[in-house]
Structures are given as structure tokens and as C-alpha cells.
């Protein structure tokens with residue numbers, strides 16, 4: 327089943343995008359900053375902002391996702 331049709335898989339994809347974008351922004355800040363105003367690539371900058379500002383909650387969500395994957 328596709329990740330677009332299964333809600334838990336969609337949440338997993340979004341969470342991994344947030345974590346990946348935050349990591350890329352921490353390593354190479356200029357890479358995402360230049361696309362901040364673009365509509366398509368600007369979503370990665372927005373994901374990085376969410377990851378930076380809500381990092382404790384994102385970390386808890388990653389741990390919960392890992393436990394969910396182990397149990398299923």
C-alpha cells in the first residue's frame with residue numbers, strides 16, 4: 327500500500343522529511359536558505375524550521391515511530 331493512502335505511513339514520511347531537512351540545514355545552512363522564497367523547494371526550509379523549533383517533540387515522535395516499527 328502506498329504511503330499516501332495509509333495514515334501512519336504518511337506521518338512517517340513527513341517526520342523523516344522534517345528530520346532530514348533539519349539535519350541538512352544544520353550542516354549546510356546556505357543550501358536551504360537560498361530556496362526559502364521558492365514555493366516548491368521552500369517546503370524543505372519550512373520543514374527545517376519545524377525541526378529546529380519543535381525538536382523535543384520531533385525527537386519523541388521519532389522514538390515513538392521507531393518503537394512502532396519494531397512492534398509491527
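In this note's numbering, the protein residues as written are 327 to 398.
Where a beta carbon is used, it is the ideal one built from N, C-alpha and C, also for glycine.
Remember, it's a predicted structure, so these values are computed and weren't measured experimentally.
### DSSP-derived helix/strand/coil call for residue 371
DSSP, read as helix, strand or coil, puts residue 371 in helix.
### Task
Return the first residue and the last residue of the alpha helix (DSSP H) that residue 383 is part of.
381-397
### Query
With distances taken between CB atoms, is the gap from residue 341 to residue 391 smaller than 9 Å?
yes
#### Entry: Top-ranked residue by Cα proximity to residue 389, from 332, 338 and 376
338
### Query
Are residue 373 and residue 334 closer than 9 Å when you measure CB to CB?
no
### Backbone CA spacing between residue 377 and residue 349 [nearest angstrom]
9 Å
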